[in-house]
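Some notes on the structure that comes next.
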Amino acid sequence: MSTFAFLGTLEIGFIYGLVALGVYLTFRILDFPDLTVDGSFTLGAAVTATLIVAGVNPYLATLLGTLAAASAGLVTAWLNLRFNILHLLASILTMTALYTINLRVMGKPNVALIMEPTVLTPFEGLGLANMYLKVGFVAVCALIGGLLVAWFLNTQYGLAMRAVGSNKRMAQANGIVVNEKVYVGLALSNGLVGLAGALFAQTNGFADSTMGIGTIVVGLAAVIIGESLFASRSILVIVLSCIVGSLLYRVAVSMALNADFLGFHASDLNLITAVLVALALVFPKLRNEWKAKRAQEDTL
Amino acid sequence: MIRCENLHVTFNPGLPTEKLALRGIDLCIPSGEFVTVIGSNGAGKSTLLNTIAGDIRTTQGHIYFTERDVTKLSATARTKDIARVFQDPLAGTCGNLTVEENMALAYGRGSRGNLSFALNNKLRSIFREQLSRLNLGLEDRLESEMGLLSGGQRQSVSLLMSALQPSTILLLDEHTAALDPKTAALIMDISSQIIAEKQLTVMMVTHSMRQALDHGSRTVMLHEGKVIFDIAGQTRANYQVKDLLNLFAQARSDGEELDDDKLLLDA
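Residue numbers (the working numbering), protein chains in the order written: chain G, 2 to 301; chain A, 105 to 371.
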């Protein structure tokens, strides 16, 4: 793999690290499988790109893109909490609606940002090659995001959110307003994913109506890979392992695509993804079975 | 003080499965009193407890804490006054959080969670001190995952958690029913200690007539959603389980026998 390709892999890995953080908040912390992210990734990108083209400051545009995506999370939470629609279904409904909304926001299937200013523009005069700058910027974003999420989950409010995902009845008996935590959790999660979309659009130079497809699987892959490699109870380690999981996932995908003897094409990405996620899911189980077997043999 | 005024609760009103769970309960528990509630399955004991806690809405009637009408308050809002311990040891704690995290949640009961760290060394030393009262060695396991503890240990921690914040009312819902006799006795012991120490107003639902007579200062029996007898003081002190059974038979005008095996077995 060339240096250029490797840096590209890291860049995408860090961006999707933010997605992984969002997916971790819903799937693991709130126990709320949320597929909204397929739409909110694109929404973050679409809003940001459209605003930048319209002449809005890229930082303000990114903030607004993030907020738009966060509000998509609120819609899913509302459908689930107010009308008792199954969480999975509520999120699929929002995701479906977002496809149309994203097209409306952009007014066309894609928006190019090639010559537009981006969040990177202020740093371009520092003499760093563009590809290093991009990786550095998204790495800092992902790490700050990770540290903030870890900090948040260790606060009283964050702990209450973890309790809601773990045992609603206990949470309620201890005076925690369950619904509020779900709203806030989904808004945070989708906000992080929207931020990832906004950064993706600016580093890759476009927003596209189909760019969000499969976001949830990639995010989940990162979370699961991270979890199976770093078994830890520390929130900070778990959160950072989501980002590492995202990087490893990208490296694994690009190695699979680059290994000539495997004969994969770029269009085989989804199959590779599915296989990688399946492996990451199966691996911890097999490891436990081996351990149990060995322990049994030792005692015999 | 808890005051229930003509409480009615109907499940599935208007449907073929309609059930009149509570049919006019009038009950006043003065501050600092420890009431035990007994009754056969389906008598309405747990419904009454859950209605006071706010999990179940009243169909008719009012609930007052001291002089405040709380009938319309949510369960969450009522946690300012109420601490609870559930029957299921798994229900009162979060299995995938640590012991100290669970205790921190209980410590924050009634106050809004804010963005300061949930745990600090001051809290840890409070928790350690509390846990050492149990003599289960849990004070050295603050960072263990709750799910790794046994049912009895989890229930003990739940009990401690219920007393971490000042509350005036403690609701115990058959909280020793799922435990082995030795652990149950330990839990009952700690309960009595905490109740005496904090001078709590307590309502304990139990299946065991023995337990109902041995603890607290007043016993109420429910049947088909109504209070059928309510004894306290010297009368109660002289009572044995068989007297309770007689009283039950008398209270039922049709002379129906108590047919709940569990009630008799536990007697």
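Backbone N, C-alpha and C fix where the C-beta goes; we use that ideal spot for every residue, glycine too.
Original post:
Among the residues of its own chain, which have a CB less than 6 Å from the CB of G:Val-150, if the five just before and after it don't count?
Top reply: Excluding residues within five positions, the ones whose Cβ falls inside 6 Å are Leu-22, Val-240.
**OP:** Find the residues of chain A that neighbour G:Ala-188, judging by a C-beta separation of less than 9 Å, and give them in chain order.
**Re:** Those do not exist, as G:Ala-188 stays about 16 Å from chain A at its closest Cβ, beyond 9 Å.
Original post:
Based on the DSSP secondary-structure assignment, which residues constitute the bridge partners of A:Val-113?
Top reply: A:Leu-126
**OP:** Mind listing the chain G neighbours of A:Arg-188? Cutoff is C-beta to C-beta under 8 Å, in chain order.
**Re:** Under the 8 Å cutoff, chain G gives Ala-174.
Original post:
Run through DSSP, which three-state label would A:Cys-198 get?
Top reply: coil
Original post:
Quick one: which chain A residues come within Cβ less than 7 Å of G:Tyr-158?
Top reply: Gly-217, Asn-218, Leu-219
Original post:
Counting only runs that start and end within the stretch 200-278 of chain A, where is the beta strand (DSSP E) found for 3 or more residues in a row?
Top reply: 273-277
Subject >> Cβ contact check for the stretch 226-246 of chain A and the stretch 197-209 of chain A: 3 or more pairs under 8 Å >> reply: yes
Subject >> A:Ala-222 versus A:Ser-254: straight-line alpha-carbon distance, rounded >> reply: 25 Å
**OP:** List the residues of chain A that G:Val-178 touches, going by C-beta distances under 8 Å, in chain order.
**Re:** Thr-180
Original post:
From what residue to what residue does the alpha helix (DSSP H) around A:Ala-281 run?
Top reply: Counting along the chain, A:Ala-281 falls outside any alpha helix (DSSP H), and DSSP gives it neither H nor E.
Subject >> C-alpha distance - A:Met-250 paired with G:Leu-129, whole-angstrom precision >> reply: 50 Å
**OP:** List the residues of chain G whose Cβ lies closer than 9 Å to the Cβ of A:Pro-301, in chain order.
**Re:** The residue you asked about is not Pro; residue 301 of chain A is Glu in the sequence shown. Per Cβ cutoff of 9 Å: no residues; A:Glu-301 is ~21 Å from chain G at best.
Subject >> Closest Cα partner of G:Leu-11 within the set G:Ile-244, G:Asp-32, G:Met-171, G:Thr-119 >> reply: G:Ile-244
Subject >> Where the alpha helix (DSSP H) containing A:Thr-151 begins and where it ends >> reply: 149-157
Original post:
For A:Ile-167, which of helix, strand or coil comes out of DSSP?
Top reply: strand
Original post:
Per DSSP, what kind of secondary structure is G:His-88 in: helix, strand or coil?
Top reply: helix
Original post:
If we count Cβ pairs, one from each stretch, closer than 8 Å, do we get three or more for the stretch 63-83 of chain G versus the stretch 183-200 of chain G?
Top reply: yes
**OP:** Indicate whether the contact test is met: 3 or more Cβ pairs, each with one atom in the stretch 195-207 of chain G and one in the stretch 51-64 of chain G, closer than 8 Å.
**Re:** Output reads yes: the stretch 51-64 of chain G touches the stretch 195-207 of chain G.
**OP:** Classify G:Asn-175 as helix, strand or coil using the three-state DSSP reduction.
**Re:** G:Asn-175: coil per DSSP, three-state reduction.
Subject >> Chain-order list of residues whose beta-carbon lies under 6 Å from that of A:Asp-370 (same chain, five-residue window excluded) >> reply: Reliability of the predicted coordinates at A:Asp-370 is poor, the pLDDT of 47 falling under 50, and no value is obtained from them.
Subject >> Cutoff 7 Å; reference G:Ala-113; Cβ partners in own chain excluding five residues on either side >> reply: Cβ neighbours of G:Ala-113 beyond the five flanking positions: Gly-206, Phe-207.
Subject >> Inter-residue Cα distance where the pair is A:Ala-157 and A:Val-174 >> reply: 10 Å
Original post:
Going along the chain, which residues of its own chain have a beta-carbon closer than 7 Å to the beta-carbon of G:Val-284, five neighbours each way excluded?
Top reply: First, the amino acid is wrong: residue 284 of chain G is Phe here, not Val. The answer, listed in chain order, is Ser-229.
**OP:** Would you mind stating whether G:Gly-147 and G:Ala-71 have Cβ atoms separated by less than 8 Å?
**Re:** no
Subject >> 8 Å Cβ cutoff, G:Ser-167 in contact with chain A >> reply: yes
Subject >> G:Arg-295 in three-state terms, based on DSSP >> reply: G:Arg-295 sits in a helix when the DSSP states are folded into three classes.
Subject >> Three-state secondary structure (DSSP) of A:Met-313 >> reply: helix
Original post:
Helix or strand or just coil, what does DSSP make of A:Met-307?
Top reply: strand
**OP:** Could you please give me the residues that DSSP links to G:Met-107 through a beta bridge?
**Re:** G:Met-107 is not bridged to any residue.
Original post:
If you count every other CB in all the chains shown that lies within 10 Å of the CB of A:His-279, and 16 or more means buried, which is it?
Top reply: buried
Subject >> Distance between A:Glu-109 and A:Ser-266 (C-alpha atoms, nearest Å) >> reply: 26 Å
Original post:
chain A beta carbons: is any one of them nearer than 8 Å to that of G:Ile-105?
Top reply: The residue asked about is misnamed: residue 105 of chain G is Arg in this sequence, not Ile. No, G:Arg-105 lies away from the interface with chain A (no Cβ there is under 8 Å from its Cβ).
**OP:** Identify the contact partners of A:Glu-205 in chain G, using a Cβ-Cβ distance below 9 Å as the criterion.
**Re:** Under the 9 Å cutoff, chain G gives Leu-160, Arg-163, Ala-164.
Original post:
For the candidate residues G:Val-141, G:Thr-95, G:Gly-45, G:Leu-89, whose alpha-carbon lies nearest to that of G:Gly-18?
Top reply: The shortest Cα separation from G:Gly-18 among G:Val-141, G:Thr-95, G:Gly-45, G:Leu-89 belongs to G:Val-141.
**OP:** Entirely within the stretch 185-264 of chain G and at least 4 residues each: give me those alpha helix (DSSP H) ranges in chain order.
**Re:** 216-230, 236-259
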